[in-house]
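There are 2 protein chains.
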Amino acid sequence: MIDYSVLNEYEISDIAENLAIEGTENSLFSLSEIMDSVLQNKLNISQDLKDKIISNIKSILSKNEKGNIGLAQINPIAGDIEYNAKKVIKYIKYAQSLNLDMIVFPELILMGYPIEDTIDRHPIIVEENIKWLKEIAHITGSTAALVGFIEPRKYNLNTGKNYYNSIAILQNGEIKGIVRKSLLPTYSEFNDYRYIEPSPVVGVQPDSTLCLLDEDSVVDCDKTITINNVKYGISICEDCWNNKDFFDRTLYSKDPIEELAQEKPDVFVNCSASPSRAKKEQLKHNMLSFTANSYKIPMVYVNQVGAIDNSSFEGSSRAFSPDGALIARAKSFEEQFLIVNPLKKIGKIYPLTKGLEKTLTEQKVFTLEYENDLERTYRTITQGIKDYFNKTGFERAVLGLSGGLDSTVCAVLLADALGKENVFGISMPSKITSNESRSDAEILARNLGINFAEVPIKDMVDTTNKMFVTLFNEVESKWDCRYKQSFTQDNIQARSRAMYLWGISNEFAKCLPIATSDKSELYMGYATINGDMSGGFAPIADVPKTKLFAFARWLNKNRKEKNAIPEAIILKKPGAELAIDPKTGKPLIAEDALMPYEFLDEIIWRVENKHEHYWDLMNTTFQYEKKNFVSKEQKTEWLDKFYRRMSTALYKWSILPPSVIVESRSINKYDYKQPITSSRINYKGLSRDEIRGILNETV
Amino acid sequence: MIDYSVLNEYEISDIAENLAIEGTENSLFSLSEIMDSVLQNKLNISQDLKDKIISNIKSILSKNEKGNIGLAQINPIAGDIEYNAKKVIKYIKYAQSLNLDMIVFPELILMGYPIEDTIDRHPIIVEENIKWLKEIAHITGSTAALVGFIEPRKYNLNTGKNYYNSIAILQNGEIKGIVRKSLLPTYSEFNDYRYIEPSPVVGVQPDSTLCLLDEDSVVDCDKTITINNVKYGISICEDCWNNKDFFDRTLYSKDPIEELAQEKPDVFVNCSASPSRAKKEQLKHNMLSFTANSYKIPMVYVNQVGAIDNSSFEGSSRAFSPDGALIARAKSFEEQFLIVNPLKKIGKIYPLTKGLEKTLTEQKVFTLEYENDLERTYRTITQGIKDYFNKTGFERAVLGLSGGLDSTVCAVLLADALGKENVFGISMPSKITSNESRSDAEILARNLGINFAEVPIKDMVDTTNKMFVTLFNEVESKWDCRYKQSFTQDNIQARSRAMYLWGISNEFAKCLPIATSDKSELYMGYATINGDMSGGFAPIADVPKTKLFAFARWLNKNRKEKNAIPEAIILKKPGAELAIDPKTGKPLIAEDALMPYEFLDEIIWRVENKHEHYWDLMNTTFQYEKKNFVSKEQKTEWLDKFYRRMSTALYKWSILPPSVIVESRSINKYDYKQPITSSRINYKGLSRDEIRGILNETV
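Chains G and H supply the protein sequences, listed in that same order.
In this text, residue positions in the first sequence follow our numbering: the first is 71, and each later residue adds one.
In this text, residue positions in the second sequence follow our numbering: the first is 71, and each later residue adds one.
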């Protein structure tokens, strides 16, 4: 793909002219790419040239009498209606200039998805999005625009939640009709049902129902809308995820797409905000393709891009032909305006994030072959970092570089997301830190080109220890139960380091410290509160350790600057370098304190994805066991340790900084909720006889 | 009320004998109170005496032919099924020994409410609760028991969520029938709809439907169940919160109580788990009374007691006569087994938490008169602390005592919740700390009888500063935008203190450090990350500052040891004592950095409870303004500051430790969700003309 943003006016002009002469479908998409660069303010060209390009695109498109649609895959900011509306209007004007039939935005585009409880506490933002919607309508011409917004329900209604999640169809200065979401995802990261009422009706209702619809006022009208002689059946996100033939089990009894299909639309359109997660791409692709094919109706799907807090949306908007064949797919993790004509099967299939194509058949079992998911992981996280910083107004990150895998991978991701000049790596050696770790950290920083400083923590640790002697003696004079062996020393080191990082964040503008904990260690509570697990953002909190190893190798191979990560970092056994192993006299290895990461990560994967329990795990062979002998005692010890440590890690999960959800299941608190006080769950269960015995003994 | 737990066998025997001779209703309740002490293991008496008391209660009750019901208001542990089941069976056996018709437990008692997503990730606990339920059924006799549990839906179902929130009616060794929850609260702290399917039918279904019910298999049978010639209409919590005559607006279209009423039951029974929140008591009382009265059917309501994480349940189970009059109410915030007979209007009304009676007419406006809510606040929080520690296995708390209001109130609450010997207050003065603050802290500790130590932070601050000079210079050599004035110095102090507290927690068993931030300051982000806002628990995170002042006075007046809080602490203007005000040369006062607390707390109250926006606030007079002149410029400055600071405090809310929800609305992340990246919301909104202008300018 050509990067048009590096070219100048003359070069662009030349290219555009040649493309116009060609006048093919390919030219159409190349010209569109130039305009994308312009619309995203990456390329600055004269108004004349812009007009010329637009007129050329228009001319190619004019061959199709009808069905030209623009997929506006854009990145909103939650609640910043002005920002979102300005973007929307820019694209509407562009679509109009191309004389498209329709421009489609992602779900809830005026508000950004998710907006969560904000609409309940601050209803003014809902009033505002209605005001903006009406004004946007005034500006529309013949090109219809599908614009998502939060719709307050009738003010004098006496039943149900206060809002609908809606889409307005704007055209010729007016609101032509409104579609409301029927199925409300309320699981994992989705909380639609908290403040949204399910629509009592599928498909389009007249504009007269704006802010006035209830069950009784549903108008008996055509559920589709016809724009330039094409009938569209419009739905919102989850509405198309309930196909009873595709899914073994569906969440809702109603299938809005089935209802829409009865009206025989020429094209299905679905406005979505669907975050990137492992395994989701294949599901989405197959589901959309299946739906198009089973009704023999083309499907146009527009997805949000960008990240909102913990959710990173991948875009990859697309269109399928009536036989379920993919005819267009927008880029992943980038804003794009993609033109399609589902009737003429015109569209361009941009490459899917590398590796994902290969996963279109589901991986049913845990494997350490992460290859297929690494570019998606990379783009999900870097987008997550970038947007979290951008949208909260931060620009720079500071992190501790230990020479270990976690901080290393974080540093690479941060450099790529924020720019290397915006990242500061601080090596903060203690007396336990090996010379290798120190120099690995420095080499890494040099390779990445990020800023680097080394500051020892010895004085901090010494002073803290000196103070602790008096303090602990005073406490001990009143309290028993002082530990013979405690984690105090380990934690002093981690907390001293966090003190430095937060200090820099306090002293320098727009700078956030980074929490470097990974998923495997968070599961085990192997992270220090106010230490390595504290920060403004936690980039790899949903990436298990074994994947991080594969990821590091992938980064070395696939980034522009090859091999930025010193091989020594990847080869070294992970360890926090916070304590010395009395057995070896060397820094304690994490796997000795926990268990082999390969084994641990398989437990996590099975518990999260297959909901297996203790005995399932005990009675089946792990990958690790195929290569290594594990005695029953050893396996019991590891499994017991897993459940014990996980139970007491729940508190740490609850105070974990914002982090990108990456895997199909996570411990992110906005994705998975478990009471902290449920730490006494017996994950092994009891037999019927044991239960009987206990009950009989109870007086 | 007599504290039977301090009496010996002979004294109890004497009292019991006299009560038996009296044989009145009052004797019934006094005898029950003795048995409560026994059942709660607070009183140890011989089996003979127990048998005698039980036989006496039974004899008094035998005058009623039917309708004797036991309300088992107990405190479960989330997910600890064995613990919960043992408690359940103990009370079932007791109820059977009294020959009661029925014993009623709170909602979901085998699992504890809420159990949240745990049932999805770890389905073994659902299997387990079914096993336990079946075994408990075997032990039941003629006394019917209503036992709440999570019911997996038919394994081969292909639509809907996986579980019901159910109640089994157990009697004579069998499951007699099952009731499932129809209305699923999904707002604030409630997330029922995440993994629970609404019941397709109201009232009782036969036992044959256990784990087998779907919409098609609903049995057309009587929705009530008859036990000893009394017809009961049973519902679960939210099911009775949808009365369309009582509420101006209801959340659901279906009203299960109305459906049940059509079957003309003799008694309504509702099993609940309803947490304590400001203003909720009057709503609950009036709603239940209204419902009983409008159907002319008595209502028996059993509520959970104890705290699960952030939710503190107040118990106060009760019964209403057919005319809506209160005939019984259990104690608040204590386990109790209360016997009622709604047909004979027999029951005892235990006093409501002090002050709440007075609030039975709604306070519609913000007021600084917190008096009516202070005992409830006290009991909600102390129960919250106690159960969080108990249920996670912690016993001791350590906190910094600054001599300020926040840490003072926390210390009192901790001493009362955990026992003074289990609390360690550490005074950690800096050079800014006044001598008054130091001595106030010490006097407070002495008055409370908690452990106390003083450790200066000077060395920590000095060492940190020494290290920071080098570190910041190194960073400055690469990065611009070093603040001229930063909070670095303030935060070093707060973080050094947290370092001490976490150190103690690491070094001594079962000890948690406490986060002392209050609600007003958390709204303003006026709290230090890894400093005063870090801890294992945050007792007063949902109490605004003005309420804390009233609370401190209330504590001085109402605790057994009067005036534990030195008057100076209450009189002093709050300030973090982290920085010197250059204007005065004295420690900076919080109200100067923020705004008057009275003004701030009214904004918070109005935004949370009345959903007011910027202009509502601007255009109406605050209480504070009635007493103090506030210029328009000043008010603008304060309101702007409020929204600006709140927008950037969202991140801090997300990493706040577990805390008790106290007020009717909160910022607790399990109660209120707003994307952190929504910090650019324009809370003022724009006029139509401004919007038009912006849209026209957008190219």
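Yeah, the Cβ is synthetic: ideal placement off N, Cα and C, and Gly gets one too.
Is there a Cβ of chain G sitting closer than 8 Å to that of residue i, yes or no?
i: F494/H; result: yes
i: E186/H; result: yes
i: S116/H; result: no
i: A568/H; result: yes
i: M827/H; result: What is shown of chain H runs 71 to 769, which leaves residue 827/H out entirely.
May I have the straight-line CA-CA distance separating residue i from residue j, to the nearest angstrom?
i: S125/G; j: K415/G; result: 22 Å
i: K589/G; j: D612/G; result: 5 Å
i: G243/H; j: E328/G; result: 47 Å
i: V525/H; j: T503/G; result: 30 Å
i: N561/G; j: D476/G; result: 17 Å
i: A238/G; j: Y183/G; result: 16 Å
i: V272/G; j: N373/G; result: 20 Å
i: K349/H; j: T450/H; result: 13 Å
i: G218/G; j: N114/G; result: 30 Å
i: I527/G; j: Y440/G; result: 37 Å
i: I200/G; j: S757/H; result: 12 Å
According to the Cβ coordinates, are residue i and residue j closer than 8 Å?
i: A649/G; j: N600/G; result: no
i: P335/H; j: Y302/H; result: yes
i: I306/H; j: C341/H; result: yes
i: A660/G; j: Y596/G; result: yes
i: P657/H; j: D651/H; result: yes
i: G149/H; j: I91/H; result: no
i: M181/G; j: T533/H; result: no
i: A377/G; j: D457/G; result: yes
i: L720/H; j: L592/H; result: no
i: E577/H; j: Y740/G; result: no
i: S97/G; j: L119/G; result: no
i: Q453/G; j: S507/G; result: no
i: G605/H; j: I584/H; result: yes
Is there at least one Cβ from chain H nearer than 8 Å to residue i's Cβ?
i: Y365/G; result: no
i: C551/G; result: yes
i: M594/G; result: no
i: R347/G; result: no
i: R758/G; result: yes
i: W202/G; result: yes
i: I748/G; result: Note that residue 748/G corresponds to Ser in the displayed sequence, not to Ile. Output row for S748/G: interface = yes.
i: P193/G; result: yes
Assign residue i to buried or exposed, taking buried as 16 or more other Cβ atoms, counted over all protein chains shown, within 10 Å of its Cβ.
i: T586/G; result: buried
i: G655/G; result: exposed
i: H208/G; result: exposed
i: Q406/H; result: buried
i: P421/G; result: exposed
i: P276/G; result: exposed
i: F699/H; result: exposed
i: N226/H; result: exposed
i: R223/H; result: buried
So residue i and residue j are supposed to be a Cβ contact under 8 Å. How far apart are they, rounded?
i: S269/G; j: R250/G; result: 3 Å
i: A608/G; j: S729/G; result: 4 Å
i: Y263/H; j: T256/H; result: 4 Å
i: F494/G; j: L582/G; result: About 11 Å separates the two Cβ atoms, so there is no contact after all.
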